[in-house]
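Residue 7 is where the sequence shown starts when you use my numbering, and the numbers rise one by one after that. All C-beta atoms in this analysis are idealised placements derived from N, C-alpha and C, irrespective of residue type, glycine included. Okay, so here's the structure we're looking at.
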Amino acid sequence: MKENKKNIPRKTIYYENELTDDFAKMGIEIKPLRENYRYIHRGPLWRLFSFILYRIIGQPLAWLYTKIVPLHRFKNKKAILKVGISGAYVYANHTNFILDAFLPNLLRHFRRGYIVVGPDTMSVPGLNNIVEMLGAIPLGSTIKQKKEMVRCVKTRIRQRNLVTIYPEAHMWPYYTGIRPFTDASFSYPAHTGTPVFAMTTCYQKRKIGSFPKTVTFIDGPFYPDESLPMAERKKVLRDQCYNAMKDRAEKNSTYEYIAYRKKEDGESKD
């Protein structure tokens, strides 16, 4: 992040491990998916309600929210057009609970946006069906569910949709850097030869008030190098996304609303 000497963070959070610490604070009991969870619904009634919720309610509400609350705007969104109408994966930094849920639905207007989510998202009482209709694809709890989840992701890509993945896995609200992440989730595009984009949300000071405005950058597409062995193919894709995200964050996340500092001995988190 560029240094901003006038910026005094609202608070400071102390972390221990960039890979495992989670500061989402949803305050809910995380439950595994039910045994008979269905990833793809083909019933006409479900599809009707899903269309209404996504197209008539969800997308307009997402657009309105992003314009009013975080003063959000996209940069280089036209990069998505480089893959035409084909499906693609989008890898993004995980720093804003509401924006991270809304932005994937605003990348393309003629196709749906789907998001791979953790069990916490599906554990909110009474909202399972709603978040699923809005595009959530939950990680499976059992071997059977994991296989069905992979099939679901591949199906959505074949249907020419965008599937967004947050490889950092854990939420760090308003974090201005990019945390390290593994190449595990890049096995999806590496196996299928699907294009990949990096999406980086950055935080900047607005003219009035202390709440940050947000700018989201799109980089890519990056294509799997099918001449490489699978392990190396995944790593190259991961590195391309990580480097693009890190470069965007370092140059454009110029406002530290919440500061994150490595915990030293004797200090407590948050």
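Residue i classed as buried or exposed, judged by whether at least 16 other C-beta atoms fall within 10 angstroms
i: S191; result: buried
i: F108; result: buried
i: E35; result: exposed
i: E138; result: buried
i: I163; result: buried
i: L133; result: exposed
i: G119; result: buried
i: E174; result: buried
i: P235; result: exposed
i: P218; result: buried
i: F294; result: Any question about residue 294 goes unanswered here, given that the chain covers just 7 to 276.
Strand pairing of residue i, partner residues [DSSP]
i: R267; result: Y20
i: Y97; result: I171, A204
i: P144; result: V123
i: T220; result: Y209
i: F228; result: V202
Distance between beta carbons of residue j and residue i, contact taken as under 8 Å
i: A94; j: L168; result: 6 Å
i: F228; j: P201; result: 7 Å
i: E2; j: N13; result: Residue 2 lies beyond the stretch modelled for the chain, which goes from 7 to 276, so this question has no answer here.
i: L70; j: P144; result: About 27 Å; that fails the 8 Å criterion.
i: T26; j: P110; result: Contact flag wrong, Cβ pair sits at about 24 Å.
i: I46; j: T188; result: Actually they are not in contact, since the Cβ atoms of I46 and T188 sit about 27 Å apart, beyond 8 Å.
i: L287; j: A68; result: One cannot answer for residue 287 here, as it falls past the ends of the chain, which runs 7 to 276.
i: L77; j: R212; result: 6 Å
i: R16; j: S216; result: 7 Å
Beta-carbon spacing of residue i, residue j below 8 Å
i: I91; j: R166; result: yes
i: D231; j: V221; result: no
i: Y21; j: K252; result: no
i: I86; j: I224; result: yes
i: S129; j: K31; result: no
i: M177; j: Y97; result: no
i: A196; j: R239; result: yes
i: Y209; j: H100; result: no
i: I121; j: L59; result: no
i: I184; j: Y248; result: yes
i: T198; j: S259; result: no
i: S147; j: P125; result: yes
is_contact[residue i, chain D] using C-beta, thresh 8 Å
i: D27; result: The structure shown contains no chain D, having only a single protein chain.
Exercise. Enumerate, from N- to C-terminal direction, the unbroken beta strand (DSSP E) stretches of 3 or more residues contained entirely within the segment 165-195.
Key: 168-171
Self-check item: Length-filtered (3 minimum) beta strand (DSSP E) runs lying within the segment 9-84
Solution: 17-21, 79-81
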